[in-house]
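Enquirer: Quick one: this structure, given as structure tokens, is what I'll be asking you about.
2 protein chains.
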Amino acid sequence: MKKSLGAQTLIFPTPVWCVGSYDLEGAPNVMTIAWGGICCSQPPCLTISLRKATYTYGNILERKAYTVSVPSTKYTAEADYFGIVSGREVNKFQATGLTPSRSTLVDAPFVEEFPMVVECKLLHHFEIGLHTQFIGEIIDVKVDGDLLLKEGIPDILKVSPLVYATKAQSYHQIGDVVGKAYTIGRKYK
Amino acid sequence: MKKSLGAQTLIFPTPVWCVGSYDLEGAPNVMTIAWGGICCSQPPCLTISLRKATYTYGNILERKAYTVSVPSTKYTAEADYFGIVSGREVNKFQATGLTPSRSTLVDAPFVEEFPMVVECKLLHHFEIGLHTQFIGEIIDVKVDGDLLLKEGIPDILKVSPLVYATKAQSYHQIGDVVGKAYTIGRKYK
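So the sequence lines, in the order shown, correspond to chains W and H.
Position one of the first sequence corresponds to residue 1 (this note's numbering), numbered consecutively onward.
Position one of the second sequence corresponds to residue 190 (this note's numbering), numbered consecutively onward.
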């Protein structure tokens, strides 16, 4: 029997992504979000949603760029910290000892130690309500070379990204394969 | 050493969501997507991206509503099938034997057997490129009552949603907890 839980931002799964940006003085900042997703295949685009109150909001509008660094489970504490404090008050890279690498493609930094990075140029932004949606064109995807299944195909189990369980507020690792896409469903054709 | 994989829609994790809609004749349809995410907290909104060529695209514009049913790992084959064929050619509910339940809140059906359902009213749609972004206000979230951790909080391990690994094209289950949000990162404060 289904139970109604009301009008709220609750669905599974949601990601754990660390958004990199430069502030007006060129200091690198990074904040963690769970509101975002791929939003277009051509041009390849990634959307993230931010509150106006965040430091990152102004940074992205100014620099017209952002990166998304995907933390592995090894960096769960750092990713969590990036979502707890504001770049207005603290340099989060210094606090955690992680390295801000300057993207050569877009005007934003990424987290060097994280296994997967997506570099985006801002295309649009839409005010939805409390959150503003940023639409970024993906200029490049970078992955640590030893985490590939084969040429050009990252192994999600080796990248080991996090899933955020909203409401329960827990971070989870990725589990085993349960099926192959465009294959397991063919039995109904 | 990071390897550049080029400009493409590749990031981890992405969801496996089944979008429910009615066509002009009132027949229920459902299609599987991986491009989407929560995009605003107030009003609570969920975005999904669809190609104009999909049957669901026209349905949502006409009915101004959609649902997202979250398949559990048990229904991996059905979810995969929903992404392989078009509602123009086949009634996917009949083909799989799953049940289209009529939402009492929005003009769209959901998959009765799936453990979690989000019902949305269309607020906006934005043409990004090949894909159009639909922004839906979440009117209700429904979860099977026996899958709650405690009052109002679904257990992600019991709901057992899928994660889609793009490029590798594999479906994965959710793994163990690796940390508590707003807690594990406090050590850096």
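All residues carry an ideal CB built from backbone N, CA and C; glycine is no exception.
Just so we're clear, the structure is a prediction, and the values are computed from it rather than from any experiment.
#1: Return the bridge partner residues of Gly-83 of chain W from the DSSP annotation.
#2: Tell me where the alpha helix (DSSP H) around Gly-380 of chain H begins and ends.
#3: Is it a yes or a no for the segment 281 to 298 of chain H touching the segment 94 to 109 of chain W, going by three-plus beta-carbon pairs under 8 Å?
#4: Residue range of the beta strand (DSSP E) that Gln-362 of chain H falls in?
#5: Measure the C-alpha to C-alpha separation of Leu-336 of chain H and Glu-62 of chain W and round it to an integer number of angstroms.
#6: What is the C-beta distance between Thr-236 of chain H and Phe-299 of chain H, in whole angstroms, given that I count them as a contact (C-beta under 8 Å)?
#7: Measure from the C-beta of Val-159 of chain W to each C-beta in chain H and report whether the shortest distance is under 8 Å.
#8: For Cys-229 of chain H and Pro-15 of chain W, what's the separation of their Cα atoms in angstroms?
#9: Output, in sequence order along the chain, the residues in the segment 358 to 372 of chain H whose CB is closer than 8 Å to any CB in chain W.
#10: From this set, W:Tyr-164, W:Gly-185, W:Ala-108, which residue's C-alpha is nearest Ile-139 of chain W's C-alpha?
#11: Could one say the Cβ of Gly-185 of chain W lies closer than 8 Å to chain H's Cβ atoms, at least one of them?
#12: To the nearest angstrom, how far is it from the Cα of Pro-154 of chain W to the Cα of Glu-214 of chain H?
#13: Rounded to the nearest angstrom, what separates Lys-340 of chain H and Gly-276 of chain H at their Cα positions?
#14: State buried or exposed for Lys-142 of chain W, treating a residue as buried only when at least 16 other CB atoms are found within 10 Å of its CB.
#15: Check the DSSP bridge columns for Arg-102 of chain W and list the partner residues they point to.
#16: Check the Cβ-Cβ distances between Met-220 of chain H and every residue of chain W, and say whether any is below 8 Å.
#17: Whether or not the segment 113 to 129 of chain W and the segment 59 to 78 of chain W are in contact is what I'm after, with contact meaning three or more pairs of Cβ atoms, one per stretch, closer than 8 Å; do they touch?
#18: Val-90 of chain W to Tyr-377 of chain H, Cα distance in whole Å?
#19: Near Cys-45 of chain W, what residues of its chain come up, given a Cβ to Cβ distance below 6 Å and the 5 sequence neighbours on each side ignored?
#20: If you measure between the beta carbons of Lys-190 of chain W and Val-306 of chain H, is that distance less than 8 Å?
#21: Distance, Cα to Cα, Phe-12 of chain W vs Ile-128 of chain W?
#22: For Cys-229 of chain H, return the contacting residues in chain W, with the cut-off set at a CB-CB distance below 9 Å.
#23: Between Glu-119 of chain W and the rest of its own chain, which residues show a CB-CB distance below 6 Å, the 5 nearest in sequence each way excluded?
#24: Can you tell which of W:Tyr-171, W:Leu-98, W:Gly-58, W:Gln-42 has the C-alpha that lies nearest to the C-alpha of Gln-197 of chain H?
Expert: Judging by the given coordinates:
#1: Under DSSP, Gly-83 of chain W shares a beta bridge with no residue.
#2: Because chain H here runs from 190 to 378, residue 380 of chain H falls outside it and cannot be looked at.
#3: Here the segment 281 to 298 of chain H does not lie against the segment 94 to 109 of chain W, with fewer than 3 beta-carbon pairs under 8 Å apart.
#4: Element bounds for Gln-362 of chain H: 359 to 369.
#5: Their backbone Cα atoms lie some 44 Å apart in a straight line.
#6: Thr-236 of chain H to Phe-299 of chain H, Cβ: 18 Å. No contact.
#7: Chain H contact via Cβ: present.
#8: In a straight line, the C-alpha of Cys-229 of chain H is about 15 Å away from that of Pro-15 of chain W.
#9: Along the segment 358 to 372 of chain H, going in chain order, the ones with a CB nearer than 8 Å to a CB of chain W are Gln-358, Ser-359, Tyr-360, His-361, Gln-362, Ile-363, Gly-364, Asp-365, Val-366, Val-367, Gly-368, Lys-369, Ala-370, Tyr-371, Thr-372.
#10: Among W:Tyr-164, W:Gly-185, W:Ala-108, the Cα nearest to that of Ile-139 of chain W belongs to W:Ala-108.
#11: Taking 8 Å as the CB threshold, Gly-185 of chain W lines the interface with chain H.
#12: One C-alpha to the other measures close to 43 Å.
#13: Residue 340 of chain H is actually Glu in this sequence, not Lys. Taking the straight line joining both Cα atoms gives about 37 Å.
#14: The residue in question, Lys-142 of chain W, is buried, as its Cβ has 16 or more Cβ neighbours within 10 Å.
#15: In the DSSP output, where bridge partners are listed per residue, Arg-102 of chain W has W:Pro-109.
#16: Met-220 of chain H does not count as touching chain W.
#17: Short answer: they touch.
#18: Just so you know, the alpha carbons of Val-90 of chain W and Tyr-377 of chain H end up roughly 11 Å apart.
#19: Cβ within range, chain order: Cys-39, Ile-135, Glu-137.
#20: Chain W is shown only over 1 to 189; residue 190 of chain W falls outside these bounds and no answer can be derived.
#21: For Phe-12 of chain W and Ile-128 of chain W, the gap between their C-alpha atoms comes out near 21 Å.
#22: Thr-9, Trp-35, Ser-49, Ile-128, Gly-129, Leu-130, His-131, Thr-132, Gln-133, listed in chain order.
#23: Take Glu-119 of chain W, set aside five residues on each side of it, and the residues of its chain with a beta-carbon closer than 6 Å to its own are Thr-67, Ser-103, Leu-105, Val-106, Ile-139, Asp-140, in chain order.
#24: The option with the nearest alpha carbon to Gln-197 of chain H is W:Gln-42.
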